[in-house]
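Scroll down for the structure; my scribbles are underneath it.
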Amino acid sequence: MSDSTVSPAPPRGIGANALTAIAAALLALAYSASFWRQLLAADLPGGLREALFLLAAFAVVFAFNGLLLSFVAWRGLQKPALAVMLLLSAGAAYFMDGYGAVIDRHALQSVLETDLREGSEWLSWSMAGYLLVLGVLPVLALVKLPVRYRPWPRELAGRAGFMVAMLAVMGLAVLPFSREFSSTARNHAQLRHLATPANLFNAVRGYAKHAAPGAPVVLEPLGTDAHGGSRYGVRKPVLLVIVVGESARADSFSLAGYPRQTNPELAKIAPVFFPNVSSCGTNTATSLPCMFSDLGRARYEEASARGRENLLDVITHAGLLVEWEDNNTGSKGVAARQREESMAKLPAAVPCDADGCLDERLVEHLRDELAAPGTADKVFVLHQIGSHGPAYFKRYPPQFERFTPTCRSVSLQDCTIEEIRNSYDNTILYTDHVLAALIRLLEHEAADRAPALLYLSDHGESTGEHGLYLHGAPYALAPGEQTRVPMLLWTSPAFQRWRGLDSGCVQSRRSAPLSHDHLFHTVLGLLDLQTTVYEPKLDALARCAPA
């Protein structure tokens, strides 16, 4: 009986490069459905060449994913990194597929700066389904999958070879279709925000560069020379209320010609409505600090704004008292050096619950503030929850549900376009009521003060137009529904006399093309504040009152 040599059993499992390839293909297909829908809707060559181009596009996305994932394909790191990537990609796919959202640094900033109340409104069975099917189940399979790793010199050589192969695949795929790739990339730039996980990497990189908190900086002063004009000290105390709207678009205001009567109360008061105003951004985290900055949209960067004083600081330098009253998720640092109060944290007669307060809470609180003794010149900034989605049905009380049927779900994909727009229009109807209530309150103050109100929304909102919902699209690609915002001005006779406002001139300016860039200087002009940082050309009403 002769001895026989028993060969050792081959190691179980797949190699690290094979796992990377599987994950790259899975992410390119199951997690990037919105990318393929947008690509199929693009101007493609048709016929066989179109089919071959789509195959080449898949090869490019697959190979690029493979390159990215290769950097984490190491023993002890690969599985945890892929698990996190799958869970994040599942969440991204939910928002891209369900709301037509894009994943960029602004979307990431909005997520990171939301609070528990706002974040909880996104929870739905649809989201749970995405997270389960595209997140939890693949992660469980990944945990159980045996993966073999070679000694590090061989693993390093194998990784290098894999990455070279991915580069070769990309080159070979692009070369025959360079014209199509060039044209598609130029005309459909939003595609780069829809391919997962490249969009997640770009969002993190962009946020780290532009928006993430950095080292403490010395605050740059602004307008420290500000002082009141000659009119101060010889008249009633000035009271300016600046109302910052949320997700309100000009197209849905009947004051702007919308066929539905969404502004019945304001129509009776007849403030000056400015329908041609563009926003600084398409999300609150960008627009809110930008609209109170002197930088303007062209020069605005989050880091620069954080290290620089803003409009509220200039007003306080002039000796006026400034207060920020918030019914949203905070001032995003705008009121960092002023008194800031959250409506959800104060006792209230207007109902407040786990979902927050209705905007009439701002009216109630302002009434209380104005009842306090004092004769100082004041500016109140009221930050609304307004038309914040997707839970539009939570933004107004039942008596304002006049446009029906409505969408009673945070999963907008479960509702019809008609239901979504009805719900959204009801929020505008309620905003009309809140603004009218504020104006009536200020009218009662006219005996002792010179009051005025300025309303301006932070950005607009999509309600299904072009397949888009909510807001946050890249500005260069955003539709007018997200960038065209309502602005209105109401001034009491006492304020008009004090400021010398020509009402006819103000009316003539209502159709002028304006933007958030004008807010800083228009407010300084309204308050007759003298400072070297004031630019008359950016004051929407500069010609309507004496300098």
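Last residue of the sequence shown? That's 550 in the working numbering, and every number before it is there in order.
By construction, the Cβ of each residue, glycine as well, lies at the ideal position given by its N, Cα and C atoms.
In this structure, DSSP gives S334 a state outside helix and strand, which the three-state scheme calls coil. Linking L324 to V246 through their CA atoms gives a straight-line distance of about 16 angstroms. Taking a cut-off of 8 angstroms on C-beta distances, the segment 57 to 74 touches the segment 26 to 41, as three or more cross pairs fall below it. Pairwise C-beta distances place the segment 153 to 163 out of contact with the segment 438 to 451, as fewer than three of them are shorter than 8 angstroms. In the DSSP secondary-structure assignment, I318 is not bridged to any residue. Counting only runs of at least 3 residues, the segment 238 to 287 fully encloses the following beta strand (DSSP E) elements, listed from N- to C-terminal order: 241 to 248 and 275 to 281.
Around the beta carbon of W155, fewer than 16 other beta carbons lie within 10 angstroms, which makes this residue exposed. Annotation note: the segment 431 to 471 contains the following uninterrupted beta strand (DSSP E) runs of length 3 or greater, listed N- to C-terminal: 453 to 460.
Counting every other CB atom within 10 Å of its CB across the protein chains shown gives E328 a total of 16 or more, marking it as buried. Nearest Cα to Q41 within the set Y261, T199 and Q193: Q193. For the set Y152, D254 and D107, the Cα lying nearest the Cα of R15 is the one of Y152. The distance from the Cβ of L471 to that of G103 is about 4 angstroms, consistent with a contact at the 8 angstroms cut-off. Contact between G389 and A259 does not hold, since their C-beta atoms are separated by about 16 angstroms, which reaches or exceeds 8 angstroms. If you check the CB distance, L504 and H521 do not come in under 7 angstroms.
Under DSSP, I17 shares a beta bridge with V150.
One alpha carbon belongs to P48, the other to E183, and they sit about 8 angstroms apart.
V275 is not a Cβ neighbour of L456, given a cutoff of 7 angstroms. If you draw a straight line from the Cα of Q341 to the Cα of S334, it is about 10 angstroms long. Judged by pairs of C-beta atoms under 8 angstroms, the segment 389 to 398 does not touch the segment 369 to 377, as fewer than three such pairs exist. Secondary structure of E343 (DSSP, three-state): strand.
Separation of Y537 and R452 (C-alpha to C-alpha, rounded to the nearest whole angstrom) is 25 angstroms.
Burial check for N20: the Cβ neighbour count within 10 Å reaches 16 or more, so the residue is buried. Per DSSP, reduced to three states, the secondary structure at R311 is strand. For R364, the enclosing alpha helix (DSSP H) stretches over residues E363 to A374. Taking 7 angstroms as the cut-off, the Cβ atoms of H474 and T289 do not count as close. The beta-carbon distance between R311 and E223, rounded to whole angstroms, is 5 angstroms. This is short enough to meet the 8 angstroms contact definition. By the criterion of a C-beta distance shorter than 7 angstroms, Y210 is surrounded in its chain by R108, L111 and Q112, once the five residues flanking it on both sides are discounted.
Within the segment 28 to 86, the complete alpha helix (DSSP H) segments of 4 residues or longer fall at 36 to 43 and 50 to 73, listed in chain order. Beta-carbon to beta-carbon, R300 and H524 are separated by about 14 angstroms, too far to satisfy the 8 angstroms threshold. Residues of the same chain with a CB within less than 7 angstroms of the CB of N425, apart from the 5 flanking positions on each side, are F406, T407, P408 and T409 in chain order. Within its own chain, the residues whose Cβ lies closer than 6 angstroms to the Cβ of C283, once the five positions on either side in sequence are excluded, are S290, C293, M294, R300 and H519, listed in chain order.
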